[in-house]
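Each residue of the sequence shown is one higher than the one before, counting from 122 in our numbering.
In this text, a Cβ means the ideal position worked out from N, Cα and C, and glycines have one as well.
No experiment lies behind these values; they were computed from the predicted model shown.
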Amino acid sequence: MIWLMDLVRDGVVAAEYVRELLITMSSPPGGCCWACESLEETESDVIERCRRERDEWLVWWSSVTPRSHPYAVTGSSIHHWDCRTLGEPVPPPVITSKHDYLKNRRAFSPYRRDAFKRVTVEEARSWRLRRCKICSPELPAAWRDGTSDVPSTY
């Protein structure tokens, strides 16, 4: 790089030529970024896959009800589905390009970690979690020795 600057200083090459050369050498063939170039899927395939995954998430979330998924899990705690500490889940974003996908790819990861996960009674029975101190959910009957450890408030 310094030798190029020396050539410009000595008047051997024009600064504009070196500038264009550096831009060309540092830009990927497709013109966006190297990460986009390394993604093997076409842009239209990426956009379609992300649209489909977002739609599936929205359909799934609309099917989750307090009756079907009465509990939510965060870390090692179990909560009533409407505990104020949970907040709202965030669906995967709308993707409009490969670059957009790469900036947001964690939202489409199979290992995505939302702040909480809504769970069914059967799922809650299979885990041994601490009850939230805020909402203290009534636990399924099979939680401990066939009875819940909290009287129902619902």
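Cβ contact check for the region 152-166 and the region 200-215: 3 or more pairs under 8 Å: Taking 8 Å as the limit for Cβ pairs, the verdict is that the region 200-215 does not touch the region 152-166.
Ala245 to Arg172 span [Cα, whole Å]: Their backbone Cα atoms lie some 31 Å apart in a straight line.
Boundaries of the beta strand (DSSP E) in which Lys238 is found, first to last residue: Unbroken beta strand (DSSP E) run through Lys238: Lys238 to Val240.
Please determine whether the Cβ atom of Glu209 lies at a distance below 8 Å from any heavy atom of the ligand PLP. The model depicted lacks the ligand PLP and carries no ligand whatsoever.
Burial state of Ile255, where buried means 16 or more other Cβ atoms lie within 10 Å: With fewer than 16 other Cβ atoms within 10 Å, it is exposed.
Use the C-beta contact count for Asp266: other C-beta atoms within 10 angstroms, 16 or more gives buried, fewer gives exposed. Note on Asp266: pLDDT 48, under 50, position unreliable in the model; no value is reported.
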